[in-house]
Structures are given as C-alpha cells and as structure tokens.
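Visitor:
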Amino acid sequence: QAAQVMAGMVGREVGVLFEKPGRMPGQMAGKSDHLHAVHVENAGLVQGELAQVRITAAGPNSLSGILA
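Each residue of the sequence shown is one higher than the one before, starting from 63 at the first, in our numbering.
(1) Note down, in chain order, each residue of its chain lying with its Cβ closer than 6 Å to the Cβ of M68, except the 5 sequence neighbours on either side.
(2) Which residue from G70, M71, P122 and V108 puts its Cα closest to that of L79?
(3) What does a CB cutoff of less than 6 Å around G110 pick up in its chain, not counting 5 residues either side in sequence?
(4) What does L79 pair with, by DSSP beta-bridge criteria?
(5) Can you give me the Cβ contacts of E103 inside the same chain, cut-off strictly under 7 Å, excluding the 5 residues immediately before and after it?
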C-alpha cells in the first residue's frame with residue numbers, strides 16, 4: 063500500500079524543505095509537505111530552502127524530482 067501511495071505522487075508538484083545533501087554527489091534531500099523524503103539534483107539549493115518540486119520517480123522509501 064505504501065508503494066501505491068509513493069507511485070501516486072509521480073507527476074505531482076509538491077513543496078519541499080531541503081535539509082541536507084543527498085547520498086549521491088550533487089543531490090539535495092528534504093521532506094515534502096506530506097513528509098515524504100524527496101531528492102533532486104542540486105540546482106543551487108541550500109539547506110533550509112523551500113522549493114516546488116515536480117515528482118518524476120518513486121522508490122520504496124523516497125521520491126525523486128526536478129525543480130518546478
């Protein structure tokens with residue numbers, strides 16, 4: 063059921079508060095307004111920044127996206 067919820071987020075635009083660098087070089091990670099973990103390629107984002115993200119992929123525990 064959790065996988066269905068995550069998959070249902072693909073294509074949506076959500077607000078994300080970026081908290082830290084992601085696991086992969088060049089990524090930033092944060093939490094959506096629904097508290098899902100989200101990571102994006104770092105497009106000049108800094109910790110504490112809030113940005114709109116379009117979700118492009120869903121994994122079992124996190125979402126990937128691009129800046130909207």
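Here a beta-carbon is modelled for each residue, glycine too, at the ideal position from N, C-alpha and C.
Guide: This is what the structure gives:
(1) Answer for M68: A120, listed in chain order.
(2) Per the Cα distances, V108.
(3) When the five nearest sequence neighbours on each side are left out, no beta carbon in the same chain lies closer than 6 Å to the beta carbon of G110.
(4) Paired residues: K93 and L112.
(5) Excluding its 5 nearest sequence neighbours in each direction, E103 has C-beta neighbours in its own chain below 7 Å: G88 and Q89, listed in chain order.
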